[in-house]
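Have a look at the structure below, then the notes.
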Amino acid sequence: MKNFNQDSPAYKACLLAVLCAVCGLLLSAVNALTKPIIEENAVAAIKSTLEKIYPGANFTDVSEKYLPDETGLIDGVYEAEGKGYIFTLHNEGYGGQYTFIIGYNNDGTVAGYAGLENAETPGKGSLAWDTDYTNTVMGLTSSDPLPLISGATITTQGVSQAADAARAVFNSIQGIEYDPNAKPAEPEKEEQKPLGEEDLASRKATAKEISNDGKTAVYECTASGFNPGNAATVTVDLASMKITGFEVTTFADDGDNVGDDAADAENLKRYIGASASDIIDNLSGATETSKGFRAMAQAALNAAGGGSGGSAAAADYSKYNASCYYRSNTDQKALVFDCTADGYGIVNKAGDSYSRNEVYVTVNAEEGKVVSVEKVSFGDTEGKGDTAMTEDALKRFAGVKAAAEADAVTGATFTDESVKAMVQAALDMAAGN
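Using my numbering, read the sequence shown as starting at 124 and increasing by one per residue.
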């Protein structure tokens, strides 16, 4: 038998091949032993999350088979034996990255949906994981895109986009035909009311008068949009009680594509010519900012006396120096206040001959409403300002919860606001403010 030359290339090649084969077998054996343990540990780390959808199921991490997908929004894919698939997903919202899970039964129906981590604004972006939205998602199938929510458009757009990625993988696994280009349902539009009737109290709007020549009044207004701190200068024509100018001076919702459209010059033109009886619609994707802007418009109209009250903040009557004291406080349904306030002459430094105006204001403290207003003395211009203090004119305050809700008396702006200052002071005193 011929001796094999151990220095020959052939021998070395054969030896190397044997060694590689042995190492390969050893690695395969190790992998066969460790792979189930690694997979089990990977599933164990997220098992409690997966069991939110399929309690007690046997889970297998099948992420390697289907990831990465082209969107990069799927973090993991898990098969629940005999039941369906669960996807862990992420996307970017207003508050940064958020994560959530969605599961599909083998028949394509949604098995579960839940948020994991998010920093979205409570009551806005967080609505993407509240009970109502979750119940809506639970009624869908893998053929349906997730719908959008008014006031949480940015967040739900991201949720729907990530769910689209999961739907694509799941439908491919199950061979389900669907329309991948189907658009999510737009949020239902809120029924819009006229500016003077809309409830915008949550916006905490203010309107401070900075000029008034008897024809035009200008107000510095503030209100919360998506963020607090939006401000605008609103100009009102006192004869027509229509807005003639709306200039945003501080835009707290800027720089993140949330609400930006509402501050666009073209969209701000919607406020020009608007009165308390006009409807100004929300802008899609800028619902919260739109409401904040409308609240400032409403507050300015109320301050000018051309609003129907709504629920904007009471106008600023501080320059009239109104004060009240109890005339009768025995009946909470009929508290009577003796109130005085400066009128045209004092406010405009027109002469010492002008005195303060005085009225009796009766308030139902239990309901926070004015019962009646009665003139005691009039210190403004006879034949002009007194039109705001006639018996008929004072009847406009009956039933109001804020002085600004009462209609304005044209041609008697300063006396009108002097009376409103007294009425508001009485209401505040009755409320303990």
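The C-beta atom is built at its ideal place from N, Cα and C for all residues, glycine as well. Note that the structure is a prediction, hence the values are computed from the model and not measured.
Query                                                                                                                                                                                     : Result
Taking the beta carbon of glycine 555 as the centre, do at least 16 other beta carbons fall within 10 Å, making it buried, or is it exposed?                                              : exposed
With a threshold of 6 angstroms on Cβ separation, who are the neighbours of asparagine 335 within its own chain once the five nearest residues in sequence on each side are excluded?     : none
Compare the Cα-Cα distances from methionine 364 to each of Ser266, Thr536, Asn444 and Pro178 and report the closest residue.                                                              : Thr536
Which two residues bound the contiguous alpha helix (DSSP H) that contains tyrosine 236?                                                                                                  : From DSSP, tyrosine 236 is part of no alpha helix (DSSP H) but of the beta strand (DSSP E) over 233 to 240.
Do phenylalanine 223 and alanine 237 come within 8 angstroms of each other at the CB atom, strictly closer than that value?                                                               : yes
Can you give the Cα-Cα distance for valine 185 and threonine 211, rounded to whole angstroms?                                                                                             : 12 angstroms
Out of Lys175, Ser295 and Asn214, which one is the CA nearest neighbour of aspartate 230?                                                                                                 : Ser295
The beta strand (DSSP E) with glutamate 332 in it runs from where to where?                                                                                                               : 329 to 335
Just to confirm the assignment: which complete beta strand (DSSP E) runs, minimum length 3, are found wholly within the stretch 437 to 515?                                               : 446 to 451, 458 to 464, 480 to 487 and 492 to 500
If threonine 513 sits next to tyrosine 467, beta carbons under 8 angstroms apart, how far is it from one beta carbon to the other, in whole angstroms?                                    : Between tyrosine 467 and threonine 513 the Cβ distance is about 16 angstroms, and since that is not below 8 angstroms, they are no contact.
In angstroms with no decimal places, state the Cα-to-Cα distance between glutamate 204 and alanine 180.                                                                                   : 7 angstroms
Please name the residue, chosen from Ala285, Asp401, Ala399 and Glu370, that lies closest to alanine 386 on a Cα-to-Cα basis.                                                             : Glu370
Give, in chain order, every unbroken run of the beta strand (DSSP E) that is at least 3 residues long and sits entirely within the stretch 368 to 407.                                    : none
Thinking C-alpha only, which one of Asp530, Thr358 and Glu314 is nearest isoleucine 333?                                                                                                  : Thr358
Which same chain residues end up closer than 6 angstroms to methionine 545 when comparing Cβ atoms and leaving out the 5 residues on each side of it in sequence?                         : Ala445, Cys462, Ala464 and Val482
Within the same chain, show all residues whose beta-carbon is closer than 6 angstroms to that of threonine 485, passing over the 5 residues directly before and after it, in chain order. : Ala457, Val459, Val494 and Ser495
If we count the other Cβ atoms within 10 Å of its Cβ and call it buried at 16 or more, is glycine 246 buried or exposed?                                                                  : exposed
On a Cα-Cα basis, can you pick out the residue from Ala285, Arg393 and Ala526 that is closest to aspartate 401?                                                                           : Arg393
Take aspartate 539 and list the residues in its own chain whose beta-carbon comes closer than 7 angstroms to its own, dropping the five residues that flank it on each side.              : Gly428, Ala511, Ala531 and Val532
Could you tell me the distance, in whole angstroms, from the CA atom of glycine 491 to the CA atom of glutamate 528?                                                                      : 13 angstroms
Out of Ala308, Asp302, His213 and Thr329, which one is the CA nearest neighbour of tyrosine 256?                                                                                          : Ala308
What number of angstroms, rounded off, separates the C-alpha of valine 341 from the C-alpha of aspartate 515?                                                                             : 29 angstroms
Which residue wins for smallest C-alpha separation from valine 200, given the options Gln280, Thr329, Thr254 and Glu187?                                                                  : Glu187
Judging by CA-CA distance, which residue of Tyr301, Lys414, Lys306 and Ala285 is the nearest neighbour of alanine 324?                                                                    : Lys414
Name the DSSP bridge partner or partners of threonine 339?                                                                                                                                : Asp360
Do you know offhand how far asparagine 452's Cα is from asparagine 350's?                                                                                                                 : 42 angstroms
Looking only at C-alpha atoms, which of Ser283, Thr373 and Phe501 sits nearest to valine 265?                                                                                             : Before going on, a small fix: residue 265 reads as serine here, not valine. Checking every option, the nearest Cα to that of serine 265 belongs to Ser283.
Let's test the definition: count the other Cβ atoms within 10 Å of the Cβ of valine 141 and tell me whether it reaches 16, buried, or not, exposed.                                       : exposed
What did DSSP end up calling glutamine 220 once you bin it into helix, strand or coil?                                                                                                    : strand
To the nearest whole angstrom, what separates the beta carbons of lysine 206 and asparagine 228, a pair I think is in contact under 8 angstroms?                                          : 7 angstroms
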